[in-house]
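Encoded as structure tokens, the structure appears first; notes follow it.
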DNA sequence: GATATAATTTATAGTAATTCTAAATTATGG
DNA sequence: CCATAATTTAGAATTACTATAAATTATATC
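Chains as they are written, first to last, in this note's numbering: chain A, -8 to 129; chain B, -8 to 129.
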């Protein structure tokens, strides 16, 4: 069984300063694989971390993305969503309940026409209705 | 050779009212496969169509998406981009020149866990540097 | 452990994409 | 041509996100 590193350890490993906001936000993302937005993270953390600022959540999530500790993608709602699962997978965005579901998926090979391109990340987004919402619509 | 229907004919075919803004915006999207935003469409059309309003561009593009005449996707810039190519394909977003490149790609099968889901559209987005910008960086 | 300093956090103001609203205009069926 | 319902339009409102600058804090060095 591989040893799970804590948020703190993984921050230290990547060589950036370990601060309270970075620890709690990264740990929140590890614990909540619900693809939250900055606003969501802020609202869930502000009660137990009264000095936390929304601007800090924006700063920290951006830093975590730069350090490849989390992934970011823009959903059809136009908002940036954060994801501590960094392995490639697909997302289904349900237009009714606005939940984002994960599914297994392999990234496509980028074709020859784009040879020489540097790919930093890929995201696969399906838009529609999740099984539960689809059932309700019938 | 298949006969290319004009924007007007395709609007009429889909049963919605044919208006000047719908004709010129749809025709613009057919002619300009550059994944423009509403703002871009508006700025390119306003000089030759002085009564056109930005709000109308937002209204019309939304309607064209509803009627499946064009596709929409949200790029990493957080903006909605419109595309008159409705067949599935991948996009590469170049972070330097901010151009969006098309490439051939097949949509992934949505797995069993999401059986019952209704998929309305899918988009595959790679983020990085296009061949030209990648070369300049070296 | 105290201290210097550079990075980070924070509150607030600013920006820009998008949506809302309500009045004016226009497409279509009769 | 006329009625009417849909659409367009301008401008105000909203909101995700960014910029700014002062206060705070993590880390290296003594």
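Yeah, the Cβ is synthetic: ideal placement off N, Cα and C, and Gly gets one too.
Fair warning: this is a prediction, and the values are worked out from it, not measured in the lab.
If you compare alpha carbons, which of the options is closest to residue i?
i: residue 54 of chain A; options: A:67, A:16, A:25; result: A:16
i: residue 103 of chain B; options: A:28, A:11, A:83; result: A:83
i: residue 122 of chain B; options: A:107, A:96, A:23, A:66; result: A:107
i: residue 80 of chain A; options: A:8, A:50, A:112, A:60; result: A:112
i: residue 90 of chain A; options: A:42, A:24, A:5, A:3; result: A:24
i: residue 46 of chain B; options: B:58, B:31, B:60, B:59; result: B:31
i: residue 92 of chain A; options: A:109, A:98, A:119; result: A:119
i: residue 97 of chain B; options: A:85, A:115, A:105; result: A:115
i: residue 50 of chain A; options: A:71, A:41, A:67; result: A:71
i: residue 94 of chain A; options: B:105, B:88, B:87; result: B:105
i: residue 126 of chain A; options: A:87, A:110, A:101; result: A:87
i: residue 5 of chain B; options: B:109, B:58, B:77, B:76; result: B:58
i: residue 131 of chain A; options: B:22, B:-2, B:109, B:1; result: This structure does not reach residue 131 of chain A, given that chain A is present from -8 up to 129, and the question cannot be answered.
i: residue 43 of chain B; options: B:124, B:78, B:14; result: B:14
i: residue 85 of chain B; options: B:8, B:-2, B:124; result: B:124
I want to verify the contact list: residues of chain B whose CB lies under 7 angstroms from the CB of residue i, in sequence order.
i: residue 91 of chain A; result: Result: empty, since nearest Cβ-Cβ is about 12 angstroms, beyond 7 angstroms.
i: residue 94 of chain A; result: 101, 102, 104, 105
Residues of chain B with a CB under 9 angstroms from the CB of residue i: which are they?
i: residue 45 of chain A; result: Neighbours of residue 45 of chain A on chain B: none; closest Cβ ~17 angstroms, over 9 angstroms.
i: residue 66 of chain A; result: 65
Along chain B, in chain order, which residues have C-beta atoms closer than 8 angstroms to that of residue i?
i: residue 27 of chain A; result: Neighbours of residue 27 of chain A on chain B: none; closest Cβ ~16 angstroms, over 8 angstroms.
i: residue 113 of chain A; result: 115, 116, 117, 118
Report yes or no: is there a C-beta of chain A within less than 8 angstroms of the C-beta of residue i?
i: residue 106 of chain B; result: yes
i: residue 72 of chain B; result: no
i: residue 129 of chain B; result: no
i: residue 24 of chain B; result: no
Should residue i be flagged as near chain B, meaning a C-beta pair shorter than 8 angstroms?
i: residue 83 of chain A; result: yes
i: residue 101 of chain A; result: yes
i: residue 51 of chain A; result: no
i: residue 48 of chain A; result: no
i: residue 56 of chain A; result: no
i: residue 6 of chain A; result: no
Residue i touches chain A at which residues, Cβ-Cβ below 7 angstroms?
i: residue 109 of chain B; result: 119, 120, 125
Thinking residue i and residue j are a contact (beta carbons under 8 angstroms), I'd like their distance in whole angstroms, please.
i: residue 73 of chain A; j: residue 12 of chain A; result: Between residue 12 of chain A and residue 73 of chain A the Cβ distance is about 14 angstroms, and since that is not below 8 angstroms, they are no contact.
i: residue 69 of chain B; j: residue 63 of chain A; result: The pair is not a contact, with the Cβ atoms about 11 angstroms apart (cut-off 8 angstroms).
i: residue 61 of chain A; j: residue 20 of chain A; result: 6 angstroms
i: residue 10 of chain B; j: residue 29 of chain B; result: Contact flag wrong, Cβ pair sits at about 17 angstroms.
i: residue 101 of chain A; j: residue 117 of chain B; result: 6 angstroms
- prompt: Can we say the region 32 to 47 of chain A touches the region 30 to 38 of chain B, given the rule of at least three CB pairs closer than 8 angstroms?
  reply: no
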